[in-house]
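*Asks:*
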Amino acid sequence: MKEKVAKKFAEIFGEGAQMFASPGRINLIGEHTDYNGGFVFPGAVDKGIVAAIRPNGTDKVRAYAFDLGEQAEFGLREEDKPAQSWACYIFGVVREMQKRGVAVEGFDTVFSGDVPLGAGMSSSAALESTYAFALNELYGGGAIDKFELARVGQATEHNYCGVNCGIMDQFASVFGKKGHLMRLDCRSMEFEYFPFDPEGYKLVLLDSRVKHELVGSPYNDRRASCERVSAVLGQEFLRGATMEQLDAVKDRISDEDYRRARYVIGEERRVLDVCEALERGDYETVGKRMYETHWGMSKDYEVSCEELDFLATVAEECGVTGSRIMGGGFGGCTINLVKDSLYDSFIAEAKKRFNEKYGHEPMVYDVVISDGSRRI
Ligand code: GLA
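Quick note: the sequence shown uses the numbering used here, first residue 284, plus one each step.
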């Protein structure tokens, strides 16, 4: 990808670009917990965004999206927001860096990516992190720390893209480390690297290639449910609340909000269980919790869909250790913890049965845990 992007940059804008990259992410467990102040357990992957970038001495950004074959040009002020949604990510990062005192000037850039879109692997966080990292290097003397770079990406989503996301995706993209998952406490922002190389098992993603655009903004609605319940409980976050506390306020909240909160409180426990289980090499428990997360996300949080429920069911029927929908939901992929000996038969069976039912095969991505944002 690097060569391809560098070549395109030279073709359009000339020589002298600097190159940067940031990855997408997986998440072993801990879904919709980040904005609830809870734990997440992501890792960066070997798929991401690569960008070539060079200051152009003007007050304009000229950006070329290689994969779309589209170019955008926009200024650096708040009123200069571009029309193309992909360009809003770059624009948002520019604005958020400026808000943090970085004197960003005009630049030319080309980018390309291989994070599958709509798969729940955070292609947008990869894009944000790439530019946050690059602008920090080019205009900020590298002075902004990595957590703040992750917050730049998150604030871009909030302020320029309309998604009230948590910090997980941008954190994972910036901090990723080869061979390691990261357990992040989204309340204290403390985190630990966990070496992850389960002997005898593989992590594999099955991408349903469906993206259900639900009416309105379901992600933000889920977050709002959690905030309503926290307010009734008199807490800043759902993190730390118990099922007993939730049951005690059951008649003061809607049934829907009750189920949303029930999922989140259960998920907090599951992440901690998984960490403990990993420390003793107990992958059976890891897998069980993954299935529990899947059905919690499907029945209580209602962010799954028929196709992903089908994939998780096929996994269970094939004897796969753990399987669940990954990421924000409403389509995308399942993450599967599979014994080496089952891998081939499971993939073949899942492809066949999914194809029979939905008319296309899921895409298969083996998970390779890789490094975070960097200059290349
Ligand atoms: C999306 C958001 C994250 C997180 C996940 C669900 O990926 O960007 O902040 O909330 O959904 O875990």
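We put the beta carbon where it would ideally sit given N, CA and C, even for glycine. Since we're looking at a predicted model, the values are computed, not measured.
Quick check on DSSP: helix, strand or coil for Q518?
*Replies:* By one-based count along the sequence shown, residue 518 stands at place 235. Of the three classes helix, strand and coil, the one that applies to Q518 here is coil, per DSSP.
*Asks:* What do you reckon, is the C-beta of S305 under 7 angstroms from a heavy atom of ligand 1?
*Replies:* Taking the sequence shown and counting its residues from 1, the one referred to as residue 305 is at position 22. No.
*Asks:* Kindly identify the DSSP beta-bridge partner or partners of G579.
*Replies:* Locating residue 579 in the sequence shown gives position 296, counting from the first residue. Its beta-bridge partners do not exist; DSSP assigns none.
*Asks:* For ligand 1, list every residue whose C-beta falls under 5 angstroms from any of its heavy atoms, going in chain order.
*Replies:* Per the Cβ criterion, the list is E314, H315, D317, C448, G449, M451, D452, G610 and G611.
*Asks:* Under 7 angstroms Cβ to Cβ from M284, same chain only, skipping five residues before and after it: list those, please.
*Replies:* Position 1 of the sequence shown, counting from 1, holds the residue named residue 284. Correct list, in chain order: V333, S395 and D397.
*Asks:* What did DSSP end up calling I630 once you bin it into helix, strand or coil?
*Replies:* To locate residue 630, count along the sequence shown from 1; it is residue 347. In the structure shown, I630 sits in a helix (DSSP, three-state: H, G or I).
*Asks:* Which same chain residues, not among the five before or five after F629, have their C-beta less than 6 angstroms away from its C-beta?
*Replies:* For the purposes of this step, residue 629 is taken as residue 346 along the sequence shown, with counting starting at 1. Within the same chain, F629 has close Cβ partners C601, V603 and V621.
*Asks:* Return yes when at least one heavy atom of ligand 2 lies under 7 angstroms from the C-beta of I309, else no.
*Replies:* Although ligand 2 was asked about, the structure shown includes only ligand 1 as ligands.
*Asks:* Which term fits G331, buried or exposed, when burial requires 16 or more other beta carbons within 10 angstroms of its beta carbon?
*Replies:* Against the sequence shown, residue 331 aligns to sequence position 48. Label assigned to G331: buried.
*Asks:* Say whether the region 457 to 467 touches the region 428 to 438, bearing in mind that this needs 3 or more beta-carbon pairs closer than 8 angstroms, one atom from each stretch.
*Replies:* Touching, yes, given that three or more Cβ pairs across the two stretches are closer than 8 angstroms.
*Asks:* Compare the C-alpha of D556 against each of Y318, V532, E599 and V569 and name the closest.
*Replies:* In the sequence shown, the residue the question calls residue 556 occupies position 273. Selected option, being the one with the closest Cα: V569.
*Asks:* Give a yes or no on whether the C-beta atoms belonging to L464 and F474 are separated by under 8 angstroms.
*Replies:* Taking the sequence shown and counting its residues from 1, one reaches residue 464 at position 181. Taking the sequence shown and counting its residues from 1, one reaches residue 474 at position 191. No, the Cβ-Cβ distance between L464 and F474 is not below 8 angstroms.
*Asks:* Can you give me the Cβ contacts of S581 inside the same chain, cut-off strictly under 6 angstroms, excluding the 5 residues immediately before and after it?
*Replies:* Within the sequence shown, numbered from 1, the residue matching residue 581 stands at position 298. Cβ neighbours of S581 beyond the five flanking positions: S587 and D592.
*Asks:* For G326 versus I652, is the C-beta distance shorter than 8 angstroms?
*Replies:* Residue numbering aside, residue 326 sits at position 43 when the sequence shown is read from its first letter. Residue numbering aside, residue 652 sits at position 369 when the sequence shown is read from its first letter. Taking 8 angstroms as the Cβ cut-off, G326 and I652 qualify as a contacting pair.
*Asks:* From G462 to K533, what distance separates their C-alpha atoms?
*Replies:* Counting from 1 along the sequence shown, the entry for residue 462 is found at position 179. Counting from 1 along the sequence shown, the entry for residue 533 is found at position 250. Each residue's alpha carbon lies about 43 angstroms from the other.
*Asks:* If we count the other Cβ atoms within 10 Å of its Cβ and call it buried at 16 or more, is S667 buried or exposed?
*Replies:* As shown, the chain starts at 284 and ends at 659. That puts residue 667 outside it, with no answer to give.
*Asks:* Under 8 angstroms: do the region 546 to 555 and the region 518 to 530 share three or more Cβ pairs, one atom per stretch?
*Replies:* Touching, yes.
*Asks:* Which residues in the same chain as T576 place their Cβ atom closer than 7 angstroms to its Cβ, once the five residues preceding and following it in sequence are excluded?
*Replies:* Taking the sequence shown and counting its residues from 1, the one referred to as residue 576 is at position 293. Closer than 7 angstroms at Cβ, skipping near neighbours: I312, E314, E550, R553 and R607.
*Asks:* If you draw a straight line from the alpha carbon of Y443 to that of S500, how long is it in whole angstroms?
*Replies:* Along the sequence shown, one-based indexing puts residue 443 at 160. Along the sequence shown, one-based indexing puts residue 500 at 217. So the alpha carbons of these two residues sit roughly 15 angstroms apart.
*Asks:* Considering D556, what are the terminal residues of the alpha helix (DSSP H) in which it resides?
*Replies:* The count along the sequence shown starts at 1 and reaches residue 556 at position 273. D538 to E562 is the span of the alpha helix (DSSP H), which, as asked, contains D556.
*Asks:* For N319, which residues of its own chain have a beta-carbon under 7 angstroms away from its beta-carbon, when the five flanking residues on both sides are left out?
*Replies:* Here residue 319 refers to the residue found at position 36 when the sequence shown is read from its first residue. So the qualifying residues of the chain are C509, F520, L521, R522 and V547.
*Asks:* Have a look at Y484 and M573 and give me their C-alpha separation to the nearest angstrom.
*Replies:* Counting from one through the sequence shown, the residue named residue 484 turns up at place 201. Counting from one through the sequence shown, the residue named residue 573 turns up at place 290. The straight-line gap from Cα to Cα measures roughly 15 angstroms.
*Asks:* Please list, in chain order, all residues of the same chain as A524 whose beta carbon is under 7 angstroms from its beta carbon, the five residues on each side excluded.
*Replies:* Indexing the sequence shown from 1 puts residue 524 at position 241. L516, Q518 and I548, listed in sequence order.
*Asks:* For the beta strand (DSSP E) that E353 lies in, which residues bound it at each end?
*Replies:* By 1-based counting over the sequence shown, the position of residue 353 is 70. Run containing E353: E353 to G358, per the beta strand (DSSP E) assignment.
*Asks:* Beta-carbon separation of E353 and Q367 under 8 angstroms?
*Replies:* Taking the sequence shown and counting its residues from 1, one reaches residue 353 at position 70. Taking the sequence shown and counting its residues from 1, one reaches residue 367 at position 84. Going by C-beta atoms, E353 is nearer than 8 angstroms to Q367.
*Asks:* Of the choices S513, G655, D538 and L486, whose alpha-carbon is the least far from that of A598?
*Replies:* One-based indexing of the sequence shown puts residue 598 at position 315. The shortest C-alpha separation from A598 is found at L486.
*Asks:* In three-state terms, what does DSSP make of A304?
*Replies:* What you label residue 304 is simply residue 21 of the sequence shown in a count that begins at 1. Three-state DSSP puts A304 in a strand.
*Asks:* Smallest Cα separation from R505: which of V323, G449, Y372 and E590?
*Replies:* For the purposes of this step, residue 505 is taken as the residue at position 222 of the sequence shown. It is G449.
*Asks:* Under a three-way DSSP split, which group does Y347 fall into?
*Replies:* Counting from 1 along the sequence shown, the entry for residue 347 is found at position 64. Strand.
*Asks:* Taking only three categories from DSSP, how would you classify E440?
*Replies:* Sequence index remark: in the sequence shown, residue 440 carries index 157 (1-based). Helix at E440.
*Asks:* Using the Cβ count rule (16 or more neighbours within 10 Å means buried), how would you classify N419?
*Replies:* Working through the sequence shown from its first residue, we reach residue 419 at position 136. When all chains shown are included, N419 counts as buried.
*Asks:* Return the bridge partner residues of R466 from the DSSP annotation.
*Replies:* Position 183 of the sequence shown, counted from the start, is the residue given in the question as residue 466. According to DSSP, R466 bridges with E475.
*Asks:* Determine the extent of the alpha helix (DSSP H) in which A595 is found, giving its start and end residues.
*Replies:* As a position in the sequence shown, residue 595 is number 312, starting the count at 1. Unbroken alpha helix (DSSP H) run through A595: E589 to E600.
*Asks:* My guess is that E590 and V493 are in contact by the Cβ rule of under 8 angstroms, so how many angstroms apart are they, rounded?
*Replies:* Translated into the one-based positions of the sequence shown, residue 590 becomes position 307. Translated into the one-based positions of the sequence shown, residue 493 becomes position 210. At roughly 5 angstroms, the Cβ-Cβ gap stays under 8 angstroms, so E590 and V493 are in contact.
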